[in-house]
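Positions 252 to 421 (this note's numbering) are the ones given, in order, by the sequence shown.
Here's the structure, in structure tokens; my notes come after.
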Amino acid sequence: MTGDEAPQTKSRIRQATSFDASLLAALHKACFDNAEGEAWSDSAMIQFIVSPSTVTLLATIGPNSAEPIGFVIARKAADEAELLTIGVLADYRKTGFGGSLLRQAMLDLKAGGAGTLYLEVDETNHPALALYKRLGARTVGNRPGYYESGKNAAILSIDLQSFPLEASTR
Ligand SMILES: CC(C)(COP(=O)(O)OP(=O)(O)OC[C@H]1O[C@@H](n2cnc3c(N)ncnc32)[C@H](O)[C@@H]1OP(=O)(O)O)[C@@H](O)C(=O)NCCC(=O)NCCS
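Quick look at the structure:
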């Protein structure tokens with residue numbers, strides 16, 4: 252299945268609101284349970300949600316789109332933007348939700364005037380690298396030993412102006 256096909260169950264991508272802060276923190280914890288770094292708090296999530304320079308989206312499924320299963324947070328500064336985090340619950344991965352979330356965030360960032368999106372990722376995180384490259388990311392650098400584990404970070408960028416973005420179908 253590609254990220255452009257409709258899933259069997261009704262799904263939706265929407266802006267997160269302040270009421271979603273705890274939910275976002277829980278989703279982030281579930282998606283990064285075994286990863287490095289500290290958990291992101293409810294208050295950190297509220298800061299992202301209320302900031303006008305930050306795009307914070309939730310993917311939901313179910314009859315009333317009530318079940319949250321993924322998120323993306325990206326921040327814009329002048330004409331550049333940075334992907335802060337993206338995650339999809341393990342049971343729903345590889346069915347296109349990550350692509351739909353990132354594509355919608357790219358649309359929103361582009362509409363807000365961003366020309367380039369930067370993405371930083373553990374260079375052994377193959378699902379994330381594959382997702383970013385599928386959406387047009389190019390490797391522009393690396394940070395050796397960037398993570399506590401000693402792993403290297405890859406720096407990628409996506410040209411939002413020239414990339415043919417279409418509205419998400421989810
Ligand atoms: C990275 C992540 C968000 C991808 O979400 P997803 O919903 O599985 O992504 P999609 O289903 O939209 O996949 C998009 C593309 O990524 C690639 N991909 C996804 N999962 C993959 C995997 N396990 N192995 C290899 N490629 C993979 C595929 O190329 C896929 O394209 P396709 O639909 O043509 O097969 C998800 O794996 C995740 O939450 N990981 C844990 C958190 C994380 O590491 N976040 C990134 C760092 S911030």
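Here a beta-carbon is modelled for each residue, glycine too, at the ideal position from N, C-alpha and C.
Stretch pair the region 297 to 305 + the region 370 to 377: three plus CB contacts closer than 8 Å: no
Starting from the N-terminal end, write out each residue whose C-beta falls within a distance shorter than 6 Å of any non-hydrogen atom of ligand 1. Thr253, Gly254, Cys282, Phe283, Thr336, Ile337, Gly338, Val339, Arg344, Lys345, Thr346, Gly347, Phe348, Gly349, Gly350, Val372, Asn376, His377, Pro378, Ala379, Ala381, Leu382 and Arg385
Excluding the 5 residues flanking Gly392 on each side, which residues of the same chain have their C-beta closer than 7 Å to its C-beta? Ile406
Cβ atoms of Ala276 and Leu308: under 8 Å apart, would you say? no
Let me know if Ala362 comes out buried or exposed under the rule of 16 or more other beta-carbons within 10 Å of its beta-carbon. exposed
Residue(s) in a DSSP beta bridge with Asp330: DSSP, once it has assigned bridges, lists no residue as partnering Asp330.
Return the chain-ordered list of same chain residues with a C-beta closer than 7 Å to the C-beta of Ala328, the five sequence neighbours on each side being excluded. Ser304
By a C-beta neighbour count over all protein chains shown, 10 Å radius and 16 as the cutoff for buried, is Val301 buried or exposed? exposed
Might you give, ordered along the chain, the residues of its own chain that have their beta carbon closer than 7 Å to the beta carbon of Met252, omitting 5 neighbours on each side? Low confidence applies here, because Met252 scores a pLDDT of 44, under 50, leaving its location unreliable and the question unanswered by this model.
Hey, quick one: how far does the beta strand (DSSP E) through Leu309 stretch, first residue to last? Thr305 to Ile312
Straight-line gap, Asn376 to Phe283 (C-alpha atoms, nearest Å): 12 Å
Given Pro395, which residues of its chain have a CB within under 7 Å of its CB, disregarding the five upstream and five downstream residues? Asn403
Could you work out which residue in Asp410, Ile320 and Gly401 is closest to Gly288 when comparing CA atoms only? Gly401
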